[in-house]
Structures are given as C-alpha cells and as structure tokens.
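*Asks:*
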Amino acid sequence: MAQPQLLVVNGDSNTWGAEHAEPRTTAWPSVLGARLGIPVVNLASPGSSNQRIVRTTVESLPDACDQHGVAPGDVLFIAMWSLPNRREYWGSTPEPAHDGESPDGNWRRIGPWGIELGWVASTAWFEHLQDDRGDIEDFFCASVLLESWLEWFGCRFALCSAYGFLGDVRREQFDVYLIQMREERYFRGVQGLWRSPFHVLVKHLRDRGPGGHKLAESHRHFTDEHLLPWLRHTGLAEPS
Amino acid sequence: MSQARARPRLLVVNGCEHTCSDDGTPTWAAHLADRLALPLVNLGAPRASNHRIVRTTLTRFAHEMRQHDVEPRDVLFVAMLTSPDRTEVRVAPSRGLLSGRREVDAGDGWSAIGPWSAHAGEARAAAWYDHLYHEVGGLVSLLLDTVLLGAWLDRSGARHVTALAHPYHVPTEAYPALDMYARRIDPRWIVGGDVDSWRACALMQGTSQSVHAADRHKWWTDNVLLPRLEIARA
C-alpha cells in the first residue's frame, strides 16, 4: 500500500499536545506526520469526550480531505480514544476558550473535573445520570459505529486509546460489541484498547507536566517505538 | 437501497411507540410486513429514544438473524427515529430505578428519559432537561445517529432505510454545520432520498396528520413508505 498523503487525527489533550511547549512539533501526531513526511490535520481538543471525537470526525474528516485535495483512500486517520466518563452537550452559550482553542460552537465538555470547577452540567450528569458500565457500553458502541463509518468513507484508519479504562469491569459483558470490532483496525488488536493504551506504554518515562500530561519524550517514544512500527507492520504506512 | 438482489426473507424494524405501540395496536411495521408478506421482528419499544434504537439495533440484530436462520442480505431493516429530546441512561442496581413506571429495557439496565418522566418529577429527567438537553444538540445527535447507523447497516450487508416519526425544524442559524449533515447522509439511507423529503415523509407530518389516527399508520405505509421502498417494486 502506498504511503498515505495526509494524516488526520482526533482525540483529547493527549493527542492535542496539552502542556507541550511546542505541540505542533512534539505531540505524537506531529512526530508521526514528520516521520511519514506528510501534513497533519489535528482535530483533537483538550478534555474531549469520545462523543466529540465521533461527531467531529464525521463533521470534519471529509472537509479535511477536500481542503488538501486528497482522496479518502490516501488519508490515514487515527483516533486516540479518551476516557469513557466524559460527555459533551450543546449549551445556550459557547464554552469559554481554553488552552488557546477556538470555541466549537456551543458544544461544552462534561468530565469529572467539571464538578470541581462548579460546572452545573457536569454536576448534574455525575449526580443523576452517569453510570460506569453505561459509559463503557456507550464507548464500545461508539467505536463500532465510527469503525463502520470510516470503512464507508473509505480511508485507512487505526483506533487506539489514551488510557486503560476497563478497571474492574468484566469485558465479557460487552462481547456483543467486541465481536463486531475488527482486530486489524485497532492498535495491537481490540485488547490493545485496554492493555496497551498510550499512558501504559510510556509509563516508565518520567516526563510529565504539572497537569499530568506526558511530554515530548513520551510522545516521541510512543510514536517511534510503538505506533509507527505497528503502522508499518500492518501496511497502513510504508515500511522504512 | 441496493437492488438486483433476492427478495428479503425477514423484516426487522426498530423505533419508539410509533413502531411498537403500548397497547398492541398494529403500527406501520405490521402493515408493512403484511404488504410485503414477510415475517416481522419488531425491536421497537414505547418511549424509546434514538440512543436505544441505535444501541438495540447493534446488540440484537445478529441475534435475530440467527433466530430466524437468515443472512444479513436476506433482511430488510427499517428504522423509524423518534423525538431527539429523549435519551436513556443505564441505572446501576445500587442506584435503583427512580420511577415506579414500567421502564424501557429495565432488564438490561437502561432506562428511558423523556417528557413524561419530566412531568412525573423525576430527578434524572430534571437533570437532563434543565442542564443537558438543547434542541440543537438533540438534532445533531439525530443526524449523526442516522449517518452512523446507515454506515453500520451498510457494513452488515442488510438492505435498510430510515424514516422519521416526527418532522424536525432545522435551526441552521444556530448551528451552520447542520447543513453539512445533509451531505454526510447517503441518500439511499433515508426515506425520500434527501433530507428535505425525509422530513416531509415523517409519520406525523402534514398530510398524514389529517388522516384519522387509527388509520394513519396504514395510510402512511401505503402512501409514503411503500412507494419509496425499492423492494416493493421488485
């Protein structure tokens, strides 16, 4: 398979490069784009939920192809899933800009940190509606659906995760979704989602920002030692 | 919908109370099965949300095919999406169901939230409607569900089409990207072939509303859905 001509990625702060001095050169998507010698479109956002990742991929990936004059088959798309206990909702006003980002319409984030910040929607969600097992089921459902849409769209793609999210939850409960997930679409297989997430693979490296984000050395290590070899092995990128 | 294939052997539908009525009154689903002379599997449920429609399609579709000994290519699947202001949440056993009413899918732990639960004063519904639901967000979810479910059904190999129970208003001034969804929805996935016709073809839209309620489902099946199903012409 020929080298892709465009890399499009989506994810949360780990993909956006939060706490990096130069995320445009040191976050894993930038490192990967440089190694492949192709431009990068980074759709990630700090605090992103998996809901947002799915929505913005469907909304923005076709336009990214058009803007770069690249056919879907020449695009490599990689999503790094976030924690399942995050959500998004459409508020009556935009969320204040954070980390230098432009607001995404009136879409607002919901996450555990929102409770500490006094965000009413986060408090309402976690107090009345959130359930760990429901979050994980929603995540697997979203992954199957996004996988289907990316196949329909016709791009090359890979899905991986930032965090090991299963905890003590028995994965057998989700077999109805797991049997629909295609091994070759997931970095190190479907089990790679919880066995080989980004944070586990770079755990031994000590670089870490005050907010807990892994920094340049971890991103380089993840790209060069794990993701890029796997992409080459699976044929999603050309061998070196 | 794909053509030049053998006639389907099974009709599978999903939706809300407009697809599976509370009192057993036949809906469009039964009329369609009758017109096409196909056995019917109705995955719908009263008070279902689009979240439930998508979730149960993904979790039950393969099981129903095994039960009926058919392949995906033998299936005609019709979804009727419902009001986007509904949702469902999974309720942990320790938290308990807050309502005494019969819950949708209480057996698998998912519980419906809709205007009825708000009227009943349920705390979950208050949290949803007061802080999390907005017409624009709901509509984006409906359109996104249509895109994702369409792609999933394409991958499954089944013939499929999605209809609407209710028409929706498009507040494009509030969310310009809504226009974009019209380009993301494959015309073969929706009744009517484009989003404007899709909305006009909703069960509770315009002409069909002038038909007596008891006859509306039959009227809609014969005059709106069937003429737009390629399989009916085969």
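Protein sequence lines, in the order shown, are assigned to chains A and B. Heads up: the first sequence begins at 3 in this note's numbering, then just goes up one per residue. Heads up: the second sequence begins at 4 in this note's numbering, then just goes up one per residue. Even glycine gets a Cβ: it sits at the ideal position worked out from N, Cα and C. Since we're looking at a predicted model, the values are computed, not measured.
Assuming residue 220 of chain B contacts residue 11 of chain B under a Cβ cut-off of 8 Å, what Cβ separation, rounded to an integer in Å, is found between them?
*Replies:* By 1-based counting over the second sequence, the position of residue 220 of chain B is 217. By 1-based counting over the second sequence, the position of residue 11 of chain B is 8. Wrong, their Cβ atoms sit about 21 Å apart, outside the cutoff.
*Asks:* In whole angstroms, what separates the C-alpha of residue 190 of chain B from that of residue 126 of chain B?
*Replies:* Along the second sequence, one-based indexing puts residue 190 of chain B at 187. Along the second sequence, one-based indexing puts residue 126 of chain B at 123. Roughly 40 Å separates the two Cα atoms.
*Asks:* Using 7 Å as the cut-off, classify the Cβ of residue 166 of chain A as near or not near the heavy atoms of the ligand SAM, replying yes or no.
*Replies:* The model depicted lacks the ligand SAM and carries no ligand whatsoever.
*Asks:* For a test of the three-state rule: what should DSSP assign to residue 41 of chain B, helix, strand or coil?
*Replies:* Translated into positions along the second sequence, residue 41 of chain B becomes position 38. DSSP places residue 41 of chain B in coil when its eight states are reduced to three.
*Asks:* Write down the C-beta distance between residue 131 of chain A and residue 143 of chain B rounded to the nearest angstrom, noting that I regard them as a contact closer than 8 Å.
*Replies:* By one-based count along the first sequence, residue 131 of chain A stands at place 129. By one-based count along the second sequence, residue 143 of chain B stands at place 140. Not a contact, Cβ separation roughly 19 Å.
*Asks:* Excluding the 5 residues preceding and the 5 following residue 102 of chain B in the sequence, name in chain order all residues of the same chain whose CB lies nearer than 7 Å to its CB.
*Replies:* As a working mapping, residue 102 of chain B is identified with position 99 in the second sequence. Low per-residue confidence applies at residue 102 of chain B: pLDDT is 43, beneath 50, and the placement is therefore not dependable enough to give any value.
*Asks:* Given a threshold of 16 other Cβ atoms within 10 Å of its Cβ, counted over all protein chains shown, does residue 16 of chain B qualify as buried or as exposed?
*Replies:* Walking along the second sequence from the start, residue 16 of chain B turns up at place 13. So residue 16 of chain B ends up on the buried side.
*Asks:* Beta-carbon of residue 67 of chain A versus every beta-carbon of chain B: anything under 8 Å?
*Replies:* Working through the first sequence from its first residue, we reach residue 67 of chain A at position 65. Not closer than 8 Å to any Cβ of chain B, the Cβ of residue 67 of chain A fails to qualify, so no.
*Asks:* Of the choices B:129, B:39, B:78, B:148, whose alpha-carbon is the least far from that of residue 86 of chain B?
*Replies:* For the purposes of this step, residue 86 of chain B is taken as residue 83 along the second sequence, with counting starting at 1. Ranking the options by Cα distance to residue 86 of chain B, first place goes to B:148.
*Asks:* Quick check on residue 150 of chain A - is its C-beta less than 8 Å from some C-beta in chain B?
*Replies:* The residue you call residue 150 of chain A lines up with position 148 of the first sequence. So yes, residue 150 of chain A belongs to the interface.
*Asks:* Under three-state DSSP, which class holds residue 216 of chain A?
*Replies:* The residue labelled residue 216 of chain A in the question sits at position 214 within the first sequence. Correct three-state label for residue 216 of chain A: strand.
*Asks:* Does the distance from the C-beta atom of residue 60 of chain A to that of residue 7 of chain A stay below 8 Å?
*Replies:* Here residue 60 of chain A is taken as the residue at index 58 of the first sequence, counted from 1. Here residue 7 of chain A is taken as the residue at index 5 of the first sequence, counted from 1. No.
*Asks:* Taking 8 Å as the CB-CB cut-off, is residue 78 of chain B touching chain A?
*Replies:* As a working note, residue 78 of chain B is residue 75 in the second sequence. No, residue 78 of chain B lies away from the interface with chain A (no Cβ there is under 8 Å from its Cβ).
*Asks:* What does DSSP give as the partner residue(s) for residue 91 of chain B in the beta ladder?
*Replies:* Residue 91 of chain B sits at position 88 when you count from the first residue of the second sequence. Note: residue 91 of chain B sits in a beta bridge opposite B:115.
*Asks:* Taking only the alpha-carbon atoms, compute the straight-line gap between residue 146 of chain A and residue 210 of chain A and give it to the nearest angstrom.
*Replies:* Residue 146 of chain A sits at position 144 when you count from the first residue of the first sequence. Residue 210 of chain A sits at position 208 when you count from the first residue of the first sequence. Between residue 146 of chain A and residue 210 of chain A, the C-alpha separation is close to 32 Å.
*Asks:* Just to make sure I have the definition right: I need the residues of chain A whose C-beta is within less than 7 Å of the C-beta of residue 68 of chain B. Which are they?
*Replies:* Mapped onto the second sequence, residue 68 of chain B falls at position 65. Those do not exist, as residue 68 of chain B stays about 13 Å from chain A at its closest Cβ, beyond 7 Å.
*Asks:* Kindly provide the ranges of any beta strand (DSSP E) runs that are 3 or more residues long and lie completely inside the region 148-200 of chain A, ordered along the chain.
*Replies:* Whole beta strand (DSSP E) segments, 3+ residues: 158-163.
*Asks:* Does the CB of residue 135 of chain A have a neighbour CB from chain B at under 8 Å?
*Replies:* Residue 135 of chain A sits at position 133 when you count from the first residue of the first sequence. Closer than 8 Å: yes.
*Asks:* Using a C-beta to C-beta distance shorter than 9 Å, which residues of chain B count as neighbours of residue 18 of chain A?
*Replies:* On the first sequence, residue 18 of chain A is found 16 positions in, with the first residue counted as 1. None at all; the shortest Cβ gap to chain B is about 20 Å.
*Asks:* Can you tell me whether residue 182 of chain A is buried or exposed? The criterion is at least 16 other CB atoms within 10 Å of its CB, across all chains shown.
*Replies:* As a position in the first sequence, residue 182 of chain A is number 180, starting the count at 1. Answer is buried; the Cβ neighbour count reaches 16.
*Asks:* Just to make sure I have the definition right: I need the residues of chain A whose C-beta is within less than 7 Å of the C-beta of residue 178 of chain B. Which are they?
*Replies:* For the purposes of this step, residue 178 of chain B is identified with residue 175 of the second sequence, where counting begins at 1. Within chain A, the residues near residue 178 of chain B are 107.
*Asks:* Counting only the same chain and skipping the five closest in sequence on each side, list residues whose C-beta sits under 6 Å from that of residue 185 of chain B.
*Replies:* Taking the second sequence and counting its residues from 1, one reaches residue 185 of chain B at position 182. 198.
*Asks:* Excluding the 5 residues preceding and the 5 following residue 117 of chain A in the sequence, name in chain order all residues of the same chain whose CB lies nearer than 7 Å to its CB.
*Replies:* Along the first sequence, one-based indexing puts residue 117 of chain A at 115. Hits under 7 Å: 124, 125, 128.
*Asks:* DSSP three-state call for residue 104 of chain B: helix, strand or coil?
*Replies:* Position 101 of the second sequence, counting from 1, holds the residue named residue 104 of chain B. Low per-residue confidence applies at residue 104 of chain B: pLDDT is 44, beneath 50, and the placement is therefore not dependable, though the value from the model is reported in the following sentence. Three-state DSSP puts residue 104 of chain B in coil, outside helix and strand.
*Asks:* What residue ranges within the region 76-150 of chain A form continuous beta strand (DSSP E) runs of no fewer than 3 residues, ordered along the chain?
*Replies:* Counting only runs of 3 or more, we get 77-83, 89-92, 109-112.
*Asks:* For the structure I just gave you, are there three or more beta carbon pairs, one from the region 53-65 of chain B and one from the region 167-176 of chain A, closer than 8 Å?
*Replies:* As far as the Cβ criterion goes, the region 53-65 of chain B does not touch the region 167-176 of chain A, which means the pair count is below three.
*Asks:* Taking the alpha helix (DSSP H) that residue 59 of chain A falls in, what are its first and last residues?
*Replies:* Your numbering for residue 59 of chain A matches position 57 in the first sequence. From DSSP, the alpha helix (DSSP H) with residue 59 of chain A extends over 52-70.
*Asks:* Mind pulling the chain B residues with CB within less than 8 Å of residue 143 of chain A?
*Replies:* Here the question's residue 143 of chain A lines up with position 141 in the first sequence. The contacting residues are 57, 58, 61.
*Asks:* Around the C-beta of residue 47 of chain B, are 16 or more other C-beta atoms found within 10 angstroms, so that it is buried, or is it exposed?
*Replies:* Along the second sequence, one-based indexing puts residue 47 of chain B at 44. Counting Cβ neighbours within 10 Å, residue 47 of chain B comes out buried, since at least 16 surround it.
*Asks:* Between residue 102 of chain B and chain A, is any beta-carbon pair separated by less than 8 Å?
*Replies:* As a first step, residue 102 of chain B must be located in the second sequence, where it is residue number 99. Residue confidence is low: residue 102 of chain B scores 43 on pLDDT, short of 50, so the model does not pin down where it sits. Its coordinate-derived value is still stated next. By this cut-off, residue 102 of chain B is not an interface position.
*Asks:* Taking only beta carbons into account, state which residues of the region 149-165 of chain B come closer than 9 Å to chain A, listed in chain order.
*Replies:* Per Cβ criterion, the list reads 150, 151, 152, 153, 154, 155, 156, 157, 158, 159.
*Asks:* Give the interface partners of residue 223 of chain B over in chain A, defined as CB-CB distance under 9 Å, in chain order.
*Replies:* What you label residue 223 of chain B is simply residue 220 of the second sequence in a count that begins at 1. Correct list: empty, because the minimum Cβ distance to chain A is about 28 Å.
*Asks:* Along the region 67-97 of chain A, what residues have a CB closer than 9 Å to any CB found in chain B?
*Replies:* Residues passing the 9 Å Cβ filter: 89, 90, 91, 92, 93, 94.
*Asks:* Measuring straight from C-alpha to C-alpha, what distance separates residue 8 of chain B and residue 39 of chain B?
*Replies:* Working through the second sequence from its first residue, we reach residue 8 of chain B at position 5. Working through the second sequence from its first residue, we reach residue 39 of chain B at position 36. One C-alpha to the other measures close to 15 Å.
*Asks:* Which one or two residues does DSSP pair with residue 193 of chain B in a beta bridge?
*Replies:* To locate residue 193 of chain B, count along the second sequence from 1; it is residue 190. Beta-bridge pairing links residue 193 of chain B to B:165.
*Asks:* Please decide whether residue 21 of chain A counts as near chain B, where near means a Cβ-Cβ distance under 8 Å.
*Replies:* On the first sequence, residue 21 of chain A is found 19 positions in, with the first residue counted as 1. No, because no Cβ of chain B sits closer than 8 Å to the Cβ of residue 21 of chain A.
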